[in-house]
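Number of protein chains: 2
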Amino acid sequence: MASSAWVEELSGERAALTRASTAGRVAEILRSRITEGRLPPGTRLSEEDIGVALGVSRNTLREAFRLLAHERLLVHEFNRGVFVRRLTVDDVHDLYRFRRLVEGGVLRTTSADAPLDDVRRAVEEGESAAAGGRWVDVGTANMRFHQAVAALAGSPRVEESMRHVLAELRLVFHVMAAPRTFHEPYLAENRRILDLLESGDVAGAAETLERYLTAAEAQLTEAYAATGC
Amino acid sequence: MASSAWVEELSGERAALTRASTAGRVAEILRSRITEGRLPPGTRLSEEDIGVALGVSRNTLREAFRLLAHERLLVHEFNRGVFVRRLTVDDVHDLYRFRRLVEGGVLRTTSADAPLDDVRRAVEEGESAAAGGRWVDVGTANMRFHQAVAALAGSPRVEESMRHVLAELRLVFHVMAAPRTFHEPYLAENRRILDLLESGDVAGAAETLERYLTAAEAQLTEAYAATGC
DNA sequence: ATTGACAGATTGTTGAACAATCCCGCACTC
DNA sequence: GAGTGCGGGATTGTTCAACAATCTGTCAAT
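In structure tokens form, the structure reads like this:
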């Protein structure tokens, strides 16, 4: 019983130890391709072609497809194949409705002594990335900010739905031609939300967030309409 | 162009037309077995046995397993197999935290002219089932009530996460020995929430719901502690 | 211009096979 | 007796090849 402190900590490393299944690794490869925009929405993913390209069997590949389909990055049409998801304007509305509900609700019910470290770190990362002109990093820091906000709920399930929603949104962000002008204005808002949280004004933080989510939504749908679909 | 009115309506029937894949049907069979409690939590599902029992190949069966694992009804342990999920007390807490966040948030942002038909129907079904002593039906009507509440958001994604959470909760409900004493008290609460909604008092409706969810959570965790795990 | 039929390509599903891993019982040591 | 190391059997992970079912596109017929 002398080593109980050890084993407790080790349980956290377990995930890193169990090497992912082949399907999981294949899914990871495809996921990054999709979220980085290198596989544009609507692209059809052939089982045959990708199977030989990655050196995995069709069955394993199909398993990877299922994973990504469940994350809504791919859509699976029976007897037709899988396609990179193409989001509609309705989807964008729905995603932001979901975000306002969840992120706003989480902020409103955040207790005064909640640990804001992750939120603060994301804000600072974004600011330093902007100072260095690394606009892509500004975007990912922004993602991390919202992920951290959702994590304030202390709920694995809330965190997971947020992760899915943000992954979906990346499919949309690629329609924005200029990442700088899109992401930059929100840095100050993120900082302000953090300040409000630290001062204990959770209602104010929630309102600020909801307002700025609505603004972002409008900006996105406008850009969306411009591209035709 | 003369028949455009027709084809519009037909698009709704499309879902019923596309017969599900074999894996999908297998998943449906297993899903109902699990949510009905005939496959108790912790049961191991052998690929071999179930495969021959249902007359499908192992590959297809594994695909069905994956579907259910994503819905968190099964857990997949690498090289060990799949098991019917066994929820911990922490899971119960998390599920109710999620529900308070989502259902409460939805009610609070419901507009005065929202269509309450589905909510009302669920309340009435529950009441008539209770009058007839059909306690199992009372339980399902209760589920439907909460599903209808979530649907007030008008968001497919909110609806889907709610569906998943409620399916998970069914794994827990089976520890309640007496379905009557557990479900019956909430009938009046559901009716009250409906009344508050119809009178436009969304904040009151949300508070009532959140309070009663907390009560149900306490009741469940207590029964859970009694059973040992 | 619409319909019908045919051919080619792709997916859905199966069965078998082999490697990798886990579980369980047994002997062995201290 | 408790703990350790070691097979043997069973189960899962992954691949492969094959066939059935379905979709897509083309071309002729009306």
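Line by line, the protein sequences are chains A and B. Quick note, the first sequence lines up with residues 180 to 408 if you use our numbering. Quick note, the second sequence lines up with residues 180 to 408 if you use our numbering. The beta-carbon is built from N, C-alpha and C at its ideal position, and this holds for glycine as well.
- In this structure B/Glu368 is buried. Its beta-carbon is surrounded by 16 or more other beta-carbon atoms within 10 angstroms.
- Per the Cβ contact rule, the stretch 217-227 of chain B is not in contact with the stretch 309-316 of chain B (fewer than 3 Cβ pairs under 8 Å).
- Around B/Tyr365, the same chain offers Asn321, Tyr391 and Ala395 as residues with beta carbons nearer than 8 Å, after the five sequence neighbours per side are excluded.
- When C-beta distances to chain A are compared with 8 Å, the residues of the stretch 317-342 of chain B below that value are Ala332, Gly333, Ser334, Pro335, Arg336, Val337 and Ser340, in chain order.
- Between the alpha carbons of B/His353 and B/Gly216 lies a gap of roughly 6 Å.
- In the displayed model, B/Arg264 falls within coil according to three-state DSSP, outside both helix and strand.
- Using beta-carbon distances, A/Asp273 counts as an interface residue toward chain B, with a partner under 7 Å.
- Proximity of B/Arg276 to chain A, defined by a Cβ-Cβ separation below 7 Å, is satisfied.
- For the stretch 281-306 of chain B, the set of residues with a beta-carbon nearer than 9 Å to any beta-carbon of chain A comprises Val281, Gly283, Gly284, Val285, Arg287 and Thr288, in chain order.
- Counting along the chain, B/His353 sits inside no beta strand (DSSP E), nor does DSSP assign it H or E at all.
- Our two residues, A/Gly260 and A/Ser225, have alpha carbons roughly 7 Å apart in a direct line.
- Here the stretch 285-299 of chain B lies against the stretch 377-384 of chain B, with 3 or more beta-carbon pairs under 8 Å apart.
- The beta carbons of A/Arg210 and A/Leu252 sit about 6 Å from each other, so the pair counts as a contact at 8 Å.
- Interface annotation for the stretch 372-396 of chain A against chain B: empty, criterion Cβ-Cβ distance under 9 Å.
- A residue is called buried once 16 or more other Cβ atoms fall within 10 Å of its Cβ, and A/Glu242 is buried on that count.
- For B/Asp296, the closest alpha carbon among the candidates B/Ala206, B/Val263, B/Val268 and B/Glu377 is that of B/Glu377.
- When the beta-carbon positions are compared, A/Leu274 and A/Leu373 stay at least 7 Å from each other.
- Within chain A, the residues Arg241, Glu242 and Arg245 have their CB atoms less than 8 Å from the CB of B/Glu242, given in chain order.
- Membership of B/Leu247 in the alpha helix (DSSP H) is indicated by the continuous run Arg237 to His249.
- B/Ala385 is positioned such that its CB atom lies closer than 7 Å to that of B/Gly283.
- If you check the CB distance, A/Arg279 and A/Glu401 do not come in under 7 Å.
- Residue range Pro364 to Glu377 is occupied by the alpha helix (DSSP H) that includes B/Leu375.
- Annotation: B/Leu233 to A/Arg300 spans about 52 Å, alpha carbon to alpha carbon.
- The alpha-carbon of A/His255 is positioned some 21 Å away from that of B/Ile208.
- For the stretch 350-371 of chain A, the set of residues with a beta-carbon nearer than 7 Å to any beta-carbon of chain B is empty.
- Counting only residues of its own chain and dropping the five nearest sequence neighbours on each side, B/Ala330 has a CB closer than 7 Å to the CB of Asp297 and Glu338.
- Under a 10 Å Cβ-count criterion, B/Val231 is classified as exposed, with fewer than 16 other Cβ atoms of the shown protein chains found around its own Cβ.
- In the structure shown, B/Leu295 falls within a coil segment according to DSSP collapsed to helix, strand and coil.
- Between B/Thr214 and B/Val271, the alpha-carbon positions lie close to 16 Å from each other.
- Taking a 10 Å sphere around the C-beta of B/Val344, we find 16 or more other C-beta atoms and assign the residue as buried.
- The Cβ-Cβ distance between A/Phe257 and B/Arg336 does not fall below 7 Å.
- A direct Cα-to-Cα measurement between A/Arg370 and A/Val302 gives close to 6 Å.
- For A/His255, DSSP records a beta bridge to A/Val261.
- A/Thr201 and B/Gln326 have their C-alpha atoms roughly 37 Å apart.
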